[in-house]
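One structure is given below, encoded as structure tokens.
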Amino acid sequence: MGLFKKNPFGHILFLKKWLIRILGAATHRRFKGFNTLQIEGSEIIKNLPDTNVLFVSNHQTYFADVVAMFHVFNASLSGRVDTIENIGYLWNPKMNIYFVAAKETMKSGLLPKILAYAGSVSIERTWRAKGEEVNRQVKMSDVSSITTALNDGWVITFPQGTTKPWKPIRRGTAHIIKKNKPIVVPIVIDGFRRSFDKKGIRIKKRGILQSMEIKEPLDIDYENDTVQEIVEKLEYAIEQHPSFLKVIPEKEIEKEEELNKERHWRY
0 MGLFKKNPFG
10 HILFLKKWLI
20 RILGAATHRR
30 FKGFNTLQIE
40 GSEIIKNLPD
50 TNVLFVSNHQ
60 TYFADVVAMF
70 HVFNASLSGR
80 VDTIENIGYL
90 WNPKMNIYFV
100 AAKETMKSGL
110 LPKILAYAGS
120 VSIERTWRAK
130 GEEVNRQVKM
140 SDVSSITTAL
150 NDGWVITFPQ
160 GTTKPWKPIR
170 RGTAHIIKKN
180 KPIVVPIVID
190 GFRRSFDKKG
200 IRIKKRGILQ
210 SMEIKEPLDI
220 DYENDTVQEI
230 VEKLEYAIEQ
240 HPSFLKVIPE
250 KEIEKEEELN
260 KERHWRY
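Dropping the structure here:
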């Protein structure tokens, strides 16, 4: 790798590699120490092509979810199955992993800016800005940036666009899928909301069992599936379809709401 070689977004790869190494070493114990990350299905990662792969996941914190995925993906590519033991996998990380994030969030401080350099595709949210509901048109430059990232490698996105559970899937994700025809790999995570604060930076509670399930790629007919049909497939795949609420005991939902209120007042 040339010392000043850059990716399509102008980021120097040598610098990006060291950022991933340092951030990875600093965060490893959050998933293999203070808390335990239970992984399922990571063998799927090794069989994916090098580019045009879209990971879709439910969302629980701003940053911890993505950081955990960087660990799991690189560990799997280094031959580990369902484990992130021995952080030697960070020495030669996959350099073309990106994640879609709100531009507003990634400019909110020094750490988000560093994380953005490590792999963010920053976009302007069309439905929310500065904590308020808005209604903006999709910027074609944002769509183009996601396409650029897919052409260069793997992209992680959270199609609900929020850390709140059971919110609807944004139709823009389905449009991106129809346009770029990527392999779509669903991921379901849990436990991150209990482990960390909303940003996923501060450790809130230790000894929490976190989980990450990587599922088989979705079967999508890019030409004939409608946007709504793709949206519904995504909802079921990341277990955020409204029908899942019917199989969750009401007491569990009430308990989660109480925990949310407690987090709000505490932080």
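Just so you know, we're using numbering that gives the first Met the number 0 here: the sequence shown kicks off at 0 and counts up by one.
Each residue gets a CB set at the ideal place from its N, CA and C atoms; glycine is no exception.
Keep in mind it's a predicted model, so treat the numbers as computed, not measured.
| Buried/exposed call for Val80, threshold 16 Cβ in 10 Å | exposed
| task | For Asn6, collect the residues of the same chain with a Cβ closer than 8 Å to its Cβ; drop the 5 residues on either side in sequence, then sort them by chain order. | result | Leu12, Lys15, Met94, Asn95, Asp151
| task | Give a yes or no on whether the C-beta atoms belonging to Gly23 and Leu89 are separated by under 8 Å. | result | yes
| said: Would Thr60 and Lys180 qualify as a contact pair, given that the criterion is a beta-carbon distance under 8 Å? | reply: no
| field | Given Leu217 as reference, the closest of Arg205, Gly206, Ile237, Ile202 once Cα atoms are compared | value | Ile237
| query | Given a threshold of 16 other Cβ atoms within 10 Å of its Cβ, counted over all protein chains shown, does Tyr97 qualify as buried or as exposed? | reply | buried
| In its own chain, which residues sit with a C-beta less than 7 Å from the C-beta of Leu183, not counting the 5 before and 5 after it? | The residue you asked about is not Leu; residue 183 is Val in the sequence shown. Hits under 7 Å: Leu53, Val55, Ile176, Pro216, Leu217, Ile219.
| field | Spatial neighbours of Ile19 in its chain, beta-carbon cut-off 6 Å, leaving aside the 5 residues before and after | value | Pro92, Ala117
| Ile207 beta carbon less than 8 Å from that of Arg193 | yes
| DSSP on Pro185, reduced to helix/strand/coil? | strand
| field | Closest Cα partner of Thr50 within the set Pro167, Trp153, Trp17, His174 | value | Trp153
| Any idea which residues DSSP pairs Gln209 with across the strands? | Leu36
| Three-way DSSP call (helix, strand, coil) for Val116 in this model | Per the sequence shown, the amino acid found at residue 116 is Tyr instead of Val. Helix at Tyr116.
| task | Could you pull out every residue in the same chain whose Cβ sits closer than 6 Å to the Cβ of Gly160, ignoring the five residues on either side in sequence? | result | Arg169
| field | Nonlocal neighbours in the same chain, by C-beta distance under 6 Å from His27, ignoring five residues either side | value | Ile86
| First and last residue of the beta strand (DSSP E) that includes Ile155? | 153–156
| message | Could you tell me the alpha carbon to alpha carbon distance between Phe3 and Ala148, rounded to whole angstroms? | response | 19 Å
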